[in-house]
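A.B. asks: In full-length UniProt numbering, the protein residues as written are 1 to 567. Beta carbons are placed, not taken as given, at the ideal position from N, Cα and C, and that holds for glycine.
(1) Mapping DSSP to helix, strand and coil, what is residue 92?
(2) Between which two residues does the alpha helix (DSSP H) holding residue 235 run?
(3) The beta strand (DSSP E) that contains residue 492, what's its start and end?
(4) What does the alpha-carbon distance come out to for the pair residue 1 and residue 170?
(5) Closer than 6 Å by C-beta to residue 437: which residues in its own chain qualify, once you throw out the five before and the five after it? Chain order, please.
(6) Using the three-state DSSP reduction, which class does residue 303 fall into: helix, strand or coil?
(7) In chain order, what residues of the same chain lie with their CB nearer than 7 Å to the CB of residue 469, ignoring the 5 residues before and after it?
(8) Let me check understanding here. Comparing Cα to Cα, which of 86, 382, 148 lies closest to residue 32?
(9) Which residues mark the beginning and the end of the alpha helix (DSSP H) in which residue 147 is found?
(10) Of the choices 460, 75, 250, whose alpha-carbon is the least far from that of residue 506?
(11) To which residues does DSSP link residue 31 through a beta bridge?
(12) With a cut-off of 8 Å on the beta carbons, I'd call residue 70 and residue 519 a contact; round off their distance for me.
(13) Roughly how far, in whole angstroms, is the beta-carbon of residue 78 from the beta-carbon of residue 29, given that I think they are within contact range, below 8 Å?
(14) For residue 384, verify whether its CB is less than 7 Å away from any heavy atom of the ligand NAD.
(15) Are the CB atoms of residue 132 and residue 158 nearer to each other than 8 Å?
(16) Distance check for residue 512 and residue 282, CA to CA, integer angstroms please.
(17) Only counting the same chain, and skipping five residues up and downstream in sequence, which positions put a Cβ closer than 8 Å to that of residue 10?
(18) I think residue 306 touches residue 232, with their Cβ atoms under 8 Å apart; what is that distance to the nearest whole Å?
(19) Rounded to whole angstroms, what's the CA-CA distance from residue 536 to residue 546? Just pull it up for me.
(20) If the criterion is Cβ atoms closer than 8 Å, does the pair residue 327 and residue 194 meet it?
(21) Just to confirm the assignment: which complete beta strand (DSSP E) runs, minimum length 3, are found wholly within the stretch 435-496?
(22) Using alpha carbons as the reference points, say which of 300, 20, 333 lies closest to residue 320.
(23) Between residue 181 and residue 143, what straight-line distance do the alpha-carbon atoms span, to the nearest angstrom?
(24) Measure the C-alpha to C-alpha separation of residue 541 and residue 474 and round it to an integer number of angstroms.
(25) Residue 571: which of 53, 177, 211 sits nearest, CA to CA?
(26) To the nearest whole angstrom, what separates the beta carbons of residue 389 and residue 414, a pair I think is in contact under 8 Å?
(27) Looking at the structure shown, is residue 343 part of a helix, part of a strand, or coil, going by DSSP?
(28) Threshold first: 3 residues or longer. Then list the beta strand (DSSP E) segments lying entirely within the stretch 527-554, N to C.
(29) Which residues does DSSP pair with residue 12 in a beta bridge?
(30) Which residue comes first and which comes last in the alpha helix (DSSP H) that contains residue 197?
(31) If I measure Cβ to Cβ from residue 167 and keep anything under 6 Å in the same chain, skipping five residues before and after, which residues do I get?
(32) Report yes if the CB atom of residue 102 is closer than 8 Å to the CB atom of residue 47, and no otherwise.
(33) How is the alpha helix (DSSP H) around residue 425 delimited, first residue to last?
(34) My assumption, with CB atoms under 8 Å, is that residue 418 sits in contact with residue 250. Please give the rounded CB distance.
(35) Grab me the residues of residue 278's own chain with a C-beta within less than 6 Å of its C-beta, minus the 5 sequence neighbours each way, in chain order.
(36) In chain order, what residues of the same chain lie with their CB nearer than 8 Å to the CB of residue 298, ignoring the 5 residues before and after it?
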């Protein structure tokens with residue numbers, strides 16, 4: 001299709017689309033270029049939008065997802081028709097389930113090509129994974145179609161797939177369309193929804209009455225850490241987050257860290273002991289509540305969300321508050337300052353001391369640092385490995401994770417400076433998204449050290465994007481928690497006597513594979529082996545460092561036991 005209209009000196013609709021997306025505010029695009037998205041991708045680049053070429057469409061979608069989560073802005077993906085879209089579907093599903101603002105520009109066959117091998121029911125596929133299907137309907141409607149798709153992504157924080165039929169792309173842009181595109185500007189940010197005064201008064205009263213309140217911040221609370229810290233202080237509440245908001249309260253004396261499956265024993269104890277839990281932009285999923293056990297009978301539950309359909313979606317709540325988290329917190333804080341509560345609430349000296357000593361997994365003592373496997377080779381305890389990584393890596397980091405039995409170790413043991421420092425693409429719990437997540441988060445955080453925690457399964461499943469990391473010159477630390485198995489299945493089914501042969505694999509040298517892609521890479525079996533990390537940190541960091549950490553079996557991580565309660 002490339003250049004059919006532009007070859008005659010007339011702008012094509014494909015070029016029009018690329019320019020329109022750039023004018024609307026795109027600042028980064030990802031993709032795998034084929035004939036169907038060649039022109040639109042070049043138009044994006046010519047309009048000043050940086051483009052990152054991935055090695056797989058699924059990787060491109062996840063890179064965009066991670067970039068948008070980290071920046072809070074819409075990221076763009078461009079795809080070839082048919083197989084380009086189907087390859088990207090898992091990444092699109094993860095983004096859609098997380099309400100990530102992503103715009104996917106997906107080529108599609110021309111309407112008359114009913115027998116094309118590239119034909120799939122794109123709209124049905126997109127809707128099936130929870131994304132929003134949109135379409136270029138005609139050259140005349142193209143600009144409006146793009147604007148509608150962009151606004152849906154940005155204002156509703158949705159993942160939108162704009163299907164672009166090849167015949168529409170190749171058509172000449174209508175007269176006046178180019179001028180319309182030049183006049184486009186990024187849409188203004190939506191005005192945050194203010195809660196009703198009656199809801200503010202009710203929440204303030206609940207916080208005054210509570211003896212052991214907890215503020216639980218989720219995805220919708222990102223960006224509102226300052227006012228929530230102040231609200232916690234005024235209300236005597238402890239602070240906790242869901243996994244996707246990890247880092248929101250870093251450094252606060254009353255920060256419990258992540259609530260749910262990743263929680264430390266102390267965090268779980270204190271949350272379960274609350275008499276009031278205020279969920280702020282958190283939907284209280286089974287993972288956050290440990291299947292309801294962290295919200296026992298008798299606790300009063302308030303949920304604050306800007307979308308009415310999210311209120312009470314996971315469990316019954318006592319007080320629904322419809323409104324933006326930041327606006328709600330500010331209004332309730334004002335009410336509490338006007339009529340303060342009495343007493344310390346949950347913020348006693350005893351609780352403060354316990355949090356300082358035991359709230360973080362990295363502070364819990366671990367004994368045996370190295371064990372031997374059946375072949376006599378040393379293997380490092382994943383807890384010790386994670387604790388040492390947290391101690392050695394600079395705090396100014398952006399942390400990404402893959403999925404698997406190992407996942408709780410980097411997620412719970414490694415600190416981050418704020419909520420932008422943790423990128424958790426795990427709503428779909430898909431193995432293999434880690435390397436692509438790292439790329440998107442790293443490009444969104446150029447002043448921070450990118451760090452990835454992945455398993456051997458996830459590393460190999462997404463290994464095509466290791467070349468992308470090297471090619472882009474991303475100085476990242478990639479830690480493979482390598483147990484030579486799909487550990488989740490080993491530890492879930494093995495104790496019941498099941499044959500786990502099919503989920504165990506040869507212990508191969510993943511460091512050698514990484515060196516073949518151009519990374520610096522080493523095998524780690526003990527704390528002493530981590531000197532290579534210290535040396536790399538002291539150097540130029542111009543290539544990624546891959547640590548193939550041969551970890552000891554842990555009998556099934558604590559968070560995994562919680563996750564499998566629903567299986």
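C.D. replies: This is what the structure holds:
(1) helix
(2) Looking at the DSSP string, the run of the alpha helix (DSSP H) that includes residue 235 is 225-235.
(3) Segment 487-493 is the alpha helix (DSSP H) holding residue 492; no beta strand (DSSP E) there.
(4) Bear in mind that a pLDDT of 48 at residue 1, under 50, signals an unreliable position, so the number given afterwards is only what the model happens to contain. Residue 1 and residue 170: Cα-Cα distance of roughly 6 Å.
(5) 62, 66, 400, 423, 425
(6) Residue 303: strand per DSSP, three-state reduction.
(7) 435, 438, 439, 476, 544
(8) 86
(9) 142-156
(10) Ranked by Cα distance from residue 506, the options 460, 75, 250 are led by 460.
(11) 53, 78
(12) Not a contact, Cβ separation roughly 22 Å.
(13) 6 Å
(14) In the structure shown, the ligand NAD is absent, as is every other ligand, since no ligand is present at all.
(15) yes
(16) 42 Å
(17) Closer than 8 Å at the Cβ level, and outside the excluded window around residue 10, lie 172, 173.
(18) Rounded, the Cβ-Cβ distance is 20 Å, inconsistent with contact.
(19) Distance between the alpha carbons of residue 536 and residue 546 is about 10 Å.
(20) yes
(21) Those beta strand (DSSP E) runs which fall completely within the stretch 435-496 and span 3+ residues are 449-455, 477-482.
(22) The option with the nearest alpha carbon to residue 320 is 300.
(23) 7 Å
(24) Rounded to the nearest whole angstrom, the CA to CA distance from residue 541 to residue 474 is 8 Å.
(25) Lying before the first or after the last residue shown, residue 571 is absent from the chain, which here runs from 1 to 567.
(26) 6 Å
(27) coil
(28) 545-550
(29) Paired residue(s): 172.
(30) 197-209
(31) 110
(32) no
(33) Taken as a continuous stretch (DSSP letters only), residue 425 belongs to no alpha helix (DSSP H), as it is neither H nor E.
(34) 6 Å
(35) 215, 302
(36) Shown here for residue 298: same chain residues with a beta carbon closer than 8 Å to its own, the five before and five after excluded, namely 275 in chain order.
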